[in-house]
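Chains A and B are the protein sequences, given in the same order. Position 131, counted from 1, in the first sequence is what this note's numbering calls 131; the numbers after and before it change by one each time, with no gaps. Position 43, counted from 1, in the second sequence is what this note's numbering calls 240; the numbers after and before it change by one each time, with no gaps. Glycine included, each C-beta is placed from N, C-alpha and C at the ideal position. These numbers were taken from a predicted model, which means no experiment stands behind them.
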Amino acid sequence: MKTKNTVSETLQNRMDVAVASRSPLFFGLGIGIIFGFLLHKGGATNYDVIVGQLLLTDFTVVKIMLSAIATGMIGVYFMKSQGWIKLSLKKGSVGKNVIGALIFGVGFAILGYCPGTIAGAIGNGYLDAIVGGLAGIILGTWFFALMYPVLKDGILNKGDFGEITIPGLLKVNNWVVIVPLVALIALLLYWIEKAGI
Amino acid sequence: METIASVVTDPNWSPYVAGIGIGILSWLSFLISGKPIATSTTFARAGGMIENYISGGKAKQRPYYKMIKLKIDWQWMLVVGVVLGSFLSAIVSDDFQIGVWVPSLWSSAFGDSVLLRVFVAIIGGIILGFGSRFSGGCTSGHGISGTLQLAVSSWVSVIFFFIAGITTAHIIFFIIA
């Protein structure tokens, strides 16, 4: 127990130092470089791969996402249980996460990149991403900023459910959700591989 | 024989290696920076910064920009890093694209008109950018970082991203094309 406290205190001190200095920007850059490198190596900076996923002919994107989710989940919840980190959840509502997400999905299929992969596609040299997609995304977020005062107290709050996790919703221990979910992801990936897609 | 050099220059890594790598990267992101990996707010900040520059500082007063704050922050640098990291990988993999305006899957259905592809990309980008801020996240923020934290908001979002994405892609390639 004592060691656990010391470790988390040391980490907390390190974090305070990092936040106080300008190093967060460098850490952001470093994490981004590795993220971009992995997205490209995995094939996710390519329009054909992303749209192939949406056409259900190429499951690369789902394989990357599900293996990242399963790996990330185990480590993040382990670190949380040790008191090393805090979760950073997004508040939810039906308006945001159903209506907003449906709008996002339509744009995702028309553009063929998403905000993270377009940054990767730009680094990869794809000109439709640089000239078309980037300009479009920035313009779209600007339209949202213009409309925000109208949307904020209306549709964005419709069916608000706050910052809640699945275990919180079900009122069970986190691992009661994580263990079966990781098993389910593994089974799904096994099935995808067996189907040869 | 596989050497370290051949792994580095191999353009196609297993999607599981990339995925597990991103999962481990998300641990580091929480541990070092106390933040989940996400990208889409940066595009909104960039738009606000451009408007702010053109309007001589007036955009800062918009309620949305007051909330997200128009500054170069951690996530801004992460997005710059994604561009650099992908560039680096493309160079070492000999996969950097020069002069490619029209993706091959697109041209197989709609021909190789640059104007058409760029026009459609702008329209798609506008809808995507608007939707990303509407839903409060994108395929990174909701799709990976939110889901791995088991956030209900993110699981709902990612399901509807793909419902709309799969439907729209099928309409584009099987009905319109």
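| Item | Value |
| --- | --- |
| Element boundaries [alpha helix (DSSP H), containing residue 161 (chain A)] | First-last for residue 161 (chain A): 160-162, but that is the beta strand (DSSP E), not the alpha helix (DSSP H). |
| C-beta atoms of residue 376 (chain B) and residue 132 (chain A) nearer than 9 Å | Look at the range of chain B in this structure, 198 to 374, and you will see that residue 376 (chain B) is not part of it. |
| Below-9 Å beta-carbon distance, residue 60 (chain A) vs any chain B residue | yes |
| Chain A within 9 Å of residue 250 (chain B), Cβ atoms only | no |
| Member of A:42, A:32, A:105 and A:30 whose CA lies at the smallest distance from the CA of residue 387 (chain B) | Residue 387 (chain B) is absent from the model: chain B starts at 198 and stops at 374. |
| Under 7 Å from the C-beta of residue 232 (chain B): neighbouring residues of chain A | 88 |
| Residue environment, residue 46 (chain A), which counts as buried when at least 16 other CB atoms sit within 10 Å | buried |
| Cβ of residue 200 (chain B) within 9 Å of any chain A Cβ | no |
| Rounded separation between residue 31 (chain A) and residue 25 (chain A) - CA only | 10 Å |
| Cutoff 8 Å; reference residue 263 (chain B); Cβ partners in own chain excluding five residues on either side | 257 |
| Own chain residues within Cβ distance below 8 Å of residue 355 (chain B), not counting five before or after | 336, 339, 340, 343 and 344 |
| Assigned secondary structure, residue 215 (chain B) (DSSP; H/G/I helix, E/B strand, else coil) | helix |
| CB contact below 9 Å: residue 291 (chain B) versus chain A | no |
| 9 Å Cβ cutoff met for residue 140 (chain A) and residue 327 (chain B) | yes |
| Own chain, CB closer than 8 Å to residue 189 (chain A), minus 5 neighbours either side, in chain order | 63, 66 and 67 |
| CA nearest to the CA of residue 51 (chain A), picked from A:195, A:108 and A:136 | A:108 |
| Chain B residues whose Cβ lies nearer than 9 Å to that of residue 145 (chain A) | 241, 244, 245, 248, 256, 259, 260, 261, 262, 265 and 330 |
| Of the listed residues B:210, B:322 and B:299, nearest to residue 40 (chain A) (C-alpha basis) | B:210 |
| Beta-carbon proximity of residue 231 (chain B) to residue 85 (chain A), cut-off 9 Å | yes |
| Those runs of the beta strand (DSSP E) which lie wholly inside the stretch 42-90 of chain A and span at least 3 residues | none |
| Alpha-carbon to alpha-carbon, residue 191 (chain A) and residue 329 (chain B) | 31 Å |
| Three-state class that DSSP yields for residue 348 (chain B) in the structure shown | strand |
| Among B:225, B:240 and B:242, the one whose alpha carbon lies nearest that of residue 234 (chain B) | B:225 |
| Residue range of the alpha helix (DSSP H) that includes residue 198 (chain A) | Summary: the structure shown does not reach residue 198 (chain A), with chain A confined to residues 1 through 197, and so no result is reported for it. |
| Segment contact, 8 Å Cβ cut-off, at least three pairs: the stretch 111-127 of chain A with the stretch 284-296 of chain B | yes |
| The alpha helix (DSSP H) enclosing residue 145 (chain A), as first and last residue numbers | 134-151 |
| Bounding residues of the alpha helix (DSSP H) (the contiguous stretch that carries residue 204 (chain B)) | 201-206 |
| Residues from the stretch 62-88 of chain A in contact with chain B, defined by Cβ distance under 9 Å | 62, 63, 64, 65, 66, 67, 68, 69, 70, 71, 72, 73, 74, 75, 76, 77, 78, 79, 80, 84, 85, 86, 87 and 88 |
| For residue 100 (chain A), three-class secondary structure by DSSP | helix |
| Cutoff 7 Å; reference residue 1 (chain A); Cβ partners in own chain excluding five residues on either side | Low per-residue confidence applies at residue 1 (chain A): pLDDT is 44, beneath 50, and the placement is therefore not dependable enough to give any value. |
| Supposed close pair residue 237 (chain B), residue 334 (chain B) - CB separation, criterion 8 Å | 6 Å |
| Any chain A beta carbon closer than 9 Å to residue 428 (chain B) | As shown, chain B starts at 198 and ends at 374. That puts residue 428 (chain B) outside it, with no answer to give. |
| Residue nearest to residue 144 (chain A) in terms of C-alpha spacing, selected from B:216, B:291, B:261 and B:227 | B:261 |
| Assigned secondary structure, residue 296 (chain B) (DSSP; H/G/I helix, E/B strand, else coil) | coil |
| Any chain A beta carbon closer than 9 Å to residue 372 (chain B) | no |
| Per-residue burial, residue 81 (chain A) [other beta carbons within 10 Å of its own, 16 or more giving buried] | exposed |
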